[in-house]
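Single-structure report; data block below.
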Amino acid sequence: MQNLTKVINDFLQKSIIIENAENIIGKELIPKDVSGITLYLISRINLEEIDIFRRAATVGRLALNTVLYLIVGPLLGIYILNYTDKIKTTFIKIIPKRFKNHTTIILERINKVAGKYFRARILISIIVGILCTIVLLVLKVDFAILLGFIAGLLNMIPLLGPIIGAIPAVLAALFISPFKALLVILLFVAIQLIDVYVLSPIVLKYQIGVHPGIMIFSLMAGGALFGIWGLFFAVPTVAILQEILKYYLLEKNKIVS
0 MQNLTKVIND FLQKSIIIEN AENIIGKELI PKDVSGITLY LISRINLEEI
50 DIFRRAATVG RLALNTVLYL IVGPLLGIYI LNYTDKIKTT FIKIIPKRFK
100 NHTTIILERI NKVAGKYFRA RILISIIVGI LCTIVLLVLK VDFAILLGFI
150 AGLLNMIPLL GPIIGAIPAV LAALFISPFK ALLVILLFVA IQLIDVYVLS
200 PIVLKYQIGV HPGIMIFSLM AGGALFGIWG LFFAVPTVAI LQEILKYYLL
250 EKNKIVS
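Residues 0 to 256 in numbering that gives the first Met the number 0 are what the sequence shown spells out, letter by letter.
See below:
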């Protein structure tokens with residue numbers, strides 16, 4: 000009798016579990032009719048298509064921003080350097096006469112600061128390129144000099160430049176061994192840390208007179224407010240503002256005295 004009761008209880012429990020499972024499957028996964036199945040499949044396909052398009056749009060936007068940054072930034076710099084005199088002359092023409100003298104002096108100071116900053120970036124990139132070349136030669140990576148030159152050249156572009164410049168060297172090392180590729184990544188990161196926290200502050204302080212602390216703060220603020228372009232223009236903008244402030248204080252002291 001006890002065995003019969005146990006069998007009945009087990010059967011009832013299994014029936015309840017099966018019924019619950021059927022309800023869950025029926026509600027969550029299986030539509031009740033053929034039209035429901037069709038609508039269900041269409042909705043799933045549409046969701047997947049939307050997700051794919053969203054991801055593709057995100058990747059495309061990132062790629063476009065990167066290309067624009069790598070192309071527009073250097074071209075803008077070259078344009079400004081080549082047409083500095085024309086830009087200055089045009090700008091002075093629209094300034095009232097009483098401000099022309101001050102404006103001319105300030106623009107000359109800005110021009111000097113921009114030139115010093117550009118030369119400083121070239122010097123920093125040469126040093127970084129030499130360090131990268133030494134690392135690649137020590138690790139016996141093929142085309143070490145060429146890859147070091149590429150890394151140094153792209154180091155002229157803040158943030159993205161060093162990353163893109165490291166990719167060819169990492170790929171070349173990967174053909175030798177994954178361990179060597181890892182070493183290249185670690186050593187290139189170390190070189191970038193030296194550049195950001197030691198080399199750039201010292202060279203730029205010597206060239207344009209901006210304190211390293213102010214320089215680092217300007218990079219953080221520029222990046223937070225304006226993204227990549229903020230990083231690109233942060234230091235030269237601070238240097239220009241510093242020159243304008245110096246000139247203002249100099250003129251103010253002349254008036255007082």
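Just so it is clear, CB atoms sit at the ideal spot from N, CA and C, and this is done for glycine as well.
Quiz item: Can you give the Cα-Cα distance for residue 196 and residue 228, rounded to whole angstroms?
Solution: The alpha-carbon separation between residue 196 and residue 228 amounts to approximately 20 Å.
Exercise. Note down, in chain order, each residue of its chain lying with its Cβ closer than 7 Å to the Cβ of residue 173, except the 5 sequence neighbours on either side.
Key: Result list for residue 173: 180, in chain order.
Quiz item: How would you label residue 165, buried or exposed, when you count the other beta carbons within 10 angstroms and need 16 or more for buried?
Solution: Residue 165 is buried by the Cβ-count criterion.
Self-check item: Same chain, Cβ closer than 8 Å to residue 152, neighbours up to 5 away in sequence not counted
Solution: Setting aside the 5 residues that flank it on each side, residue 152 is surrounded in the same chain by 124, 128 and 164, each with a C-beta closer than 8 Å to its C-beta; the list follows chain order.
Quiz item: According to the Cβ coordinates, are residue 141 and residue 171 closer than 9 Å?
Solution: Closer than 9 Å, so yes.
Quiz item: So the alpha helix (DSSP H) residue 140 belongs to, where does it begin and stop?
Solution: Per DSSP, residue 140 belongs to no alpha helix (DSSP H) and is neither H nor E.
Quiz prompt | Classification of residue 89 by the beta-carbon crowding that lies within 10 angstroms, buried from 16 upward | solution = Here residue 89 is exposed. Its C-beta has fewer than 16 other C-beta atoms within 10 Å.
Quiz item: Near residue 115, which residues of its chain fall below 6 Å by C-beta distance, leaving aside the five closest residues on each side in sequence?
Solution: Leaving aside the five residues that flank residue 115 on each side, the residues in its chain whose CB is nearer than 6 Å to its CB run, in chain order, 206 and 207.
Practice problem: Confirm, please, whether the CB-CB distance from residue 161 to residue 194 is below 9 Å. | Solution: It is a contact, given that the beta carbons lie within the stated cut-off.
Self-check item: Alpha-carbon spacing of residue 243 relative to residue 143, whole angstroms
Solution: In a straight line, the C-alpha of residue 243 is about 44 Å away from that of residue 143.
Quiz item: Taking just the CA atoms, how far does residue 146 sit from residue 241?
Solution: Each residue's alpha carbon lies about 37 Å from the other.
Exercise. Answer yes or no: do residue 158 and residue 98 have a C-beta to C-beta separation smaller than 9 Å?
Key: Contact flag unset, no.
Self-check item: Residue from 122, 111 and 105 whose Cα sits closest to the Cα of residue 202
Solution: Comparing Cα positions, the closest option is 122.
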